[in-house]
Amino acid sequence: MGELAAKKHVQYILSVEKLDTVDVDEVVSWVIKCQHESGGFGGNIGHDPHILFTLSAVQVLALFDKLNVLDVDKVTNYIAGLQNEDGSFSGDIWGEVDTRFSYIAVCCLSILRRLNKINVEKAVSYIVSCKNLDGGFGCTPGGESHAGQTLVSELLLEHRSGIENKVANALSHQVALLFVLSVKITGFEMLREDYASCPDFGEVYVALSQLDILGFCFPSFLFFSFFCCVGALAITGSLHHIDKDLLGWWLCERQVKTGGLNGRPEKLPDVCYSWWVLSSMIMIDRVHWISKEKLVQFILDCQDTENGGISDRPDDAVDVYHTYFGVAGLSLLEYPGLKAIDPAYALPVDVVNRIFFGK
1 MGELAAKKHV QYILSVEKLD TVDVDEVVSW VIKCQHESGG FGGNIGHDPH
51 ILFTLSAVQV LALFDKLNVL DVDKVTNYIA GLQNEDGSFS GDIWGEVDTR
101 FSYIAVCCLS ILRRLNKINV EKAVSYIVSC KNLDGGFGCT PGGESHAGQT
151 LVSELLLEHR SGIENKVANA LSHQVALLFV LSVKITGFEM LREDYASCPD
201 FGEVYVALSQ LDILGFCFPS FLFFSFFCCV GALAITGSLH HIDKDLLGWW
251 LCERQVKTGG LNGRPEKLPD VCYSWWVLSS MIMIDRVHWI SKEKLVQFIL
301 DCQDTENGGI SDRPDDAVDV YHTYFGVAGL SLLEYPGLKA IDPAYALPVD
351 VVNRIFFGK
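Per the UniProt record's numbering, the very first residue in the sequence shown carries number 1; after that it's consecutive.
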């Protein structure tokens with residue numbers, strides 16, 4: 001087994017960011033400038049606030065032990081104001097609902113010690129309503145247990161105005177069935193025959209087919225539906241709602257022969273899933289169902305040992321995104337020389353201990 005080229009990776013990250021050192025005060029000052037008058041944070045100064053960027057801001061400040069610079073009540077009120085009547089959370093004022101946002105709300109408020117500001121019972125109930133028969137979770141109730149669910153649903157909804165509701169529903173259910181059973185887009189042929197007369201069906205069919213033909217890779221951040229639901233339930237002490245064996249089976253099936261993990265059946269492995277899949281498996285105590293040794297070797301094989309950085313797969317170009325998830329995955333695997341990372345909060349364990357136990 002190879003070794004982690006830690007020094008090279010540090011040099012790579014610093015060269016990409018063009019920073020010789022991290023000026024904590026400067027970073028903290030910039031983060032605070034990204035805060036909107038509503039209490040939420042935008043992705044940059046002057047940008048609209050979103051719950052996603054609010055979590056990033058809170059995590060950065062937590063890492064630097066600078067949570068004291070926050071107006072906690074203002075941030076808390078912003079997040080609490082995004083909770084809907086059914087317990088779900090919107091990402092911003094425009095109202096998009098996703099289990100990612102439920103996790104982010106719970107994680108943020110837990111770090112800020114303000115979970116009592118939301119209806120936790122309803123939040124948990126909503127997440128549980130997104131649980132599917134395969135043991136996994138969707139982005140919304142009835143959503144397919146996978147990364148591609150959100151993108152396909154958005155594509156369908158964009159065309160829904162010109163398609164009968166029954167066709168859109170049939171497509172949604174077919175997408176879920178196809179992904180769960182590892183069937184490719186050609187399975188839409190049965191629907192094509194039934195609904196060929198509908199004026200907009202062809203457009204949807206072609207668009208979806210092209211995603212597969214072009215080898216489209218669904219954004220890995222949408223695999224959040226698993227991690228976020230499990231993470232939120234872990235933080236709220238509600239993991240008893242999960243069928244751990246069923247979910248664990250689906251997750252362990254993501255390991256392929258090379259040792260890497262993929263995001264759905266019949267797809268290539270990707271280093272980023274070393275976090276998304278592994279963290280969920282650790283939280284439900286099923287990490288022993290995969291080969292840790294093979295996964296460690298897969299991550300190490302994705303290194304650029306000369307210039308630093310980690311890629312999605314061996315011999316591909318490295319980037320900061322996969323470098324982070326590669327190192328985070330190795331931390332979860334207890335690789336020597338790395339700080340332990342908390343699988344629920346995605347923060348170093350010593351930072352989490354400092355927040356909650358003053359250690």
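Ideal placement from N, C-alpha and C gives every residue a C-beta, glycine not left out.
Own chain partners of residue i with C-beta closer than 7 angstroms, once the 5 adjacent residues on each side are dropped
| i | result |
| --- | --- |
| K131 | F137 |
| A234 | M283, A344 |
| P314 | D301, C302 |
| S280 | F226, F227, V230, L251 |
| A62 | I111, L347, V351, I355 |
| N119 | Q83, G87 |
| N262 | R254, V256, L268, P269, D270, Y273 |
| G248 | M281, I284, R286, W289 |
Endpoints, the alpha helix (DSSP H) within which residue i is located
| i | result |
| --- | --- |
| C252 | 244-252 |
| Y321 | 320-332 |
| residue 380 | There is simply no residue 380 to check, as the chain begins at 1 and stops at 359 in what is shown. |
| D350 | 349-357 |
| D301 | 292-301 |
| K103 | A quick correction: the sequence has Tyr, not Lys, at residue 103. 99-111 is the extent of the alpha helix (DSSP H) around Y103. |
| F53 | 51-63 |
| I93 | Looking at the DSSP string, I93 is not in any alpha helix (DSSP H), and its letter there is neither H nor E. |
| D73 | 72-80 |
| V124 | 120-129 |
| W276 | 273-283 |
Buried or exposed by the 16-neighbour rule on C-beta atoms within 10 Å, applied to residue i
| i | result |
| --- | --- |
| H50 | buried |
| W30 | exposed |
| I93 | exposed |
| D312 | buried |
| G135 | buried |
| T76 | buried |
| L133 | exposed |
| V327 | buried |
| I290 | buried |
Beta-carbon contacts of residue i that lie in its chain and below 6 angstroms, excluding the five residues immediately before and after
| i | result |
| --- | --- |
| E121 | none |
| L295 | G259 |
| V352 | D342, Y345 |
| L333 | K292, V296 |
| V277 | L251, R254, L261 |
Cβ shell of residue i (< 8 angstroms), same chain only, five flanking positions each side left out
| i | result |
| --- | --- |
| N271 | The question names Asn, yet the displayed sequence has Val at residue 271. Here the set comprises G260, F298, I299, C302, I310, S311, D312, R313, H322, F325, G326, G329. |
| L112 | V58, L67, L70, V72, V75, T76 |
| F64 | V24, V27, V28 |
8 angstroms contact criterion, which residue i and residue j should meet: CB distance rounded
| i | j | result |
| --- | --- | --- |
| I79 | C108 | 6 angstroms |
| V124 | S238 | 5 angstroms |
Pairs of beta-carbons, one from the stretch 69-89 and one from the stretch 97-115, closer than 8 angstroms: are there three or more?
Yes, the stretch 69-89 touches the stretch 97-115.
Decide if the stretch 32-45 is in contact with the stretch 62-75; the criterion is three or more beta carbon pairs, one per stretch, under 8 angstroms apart.
yes
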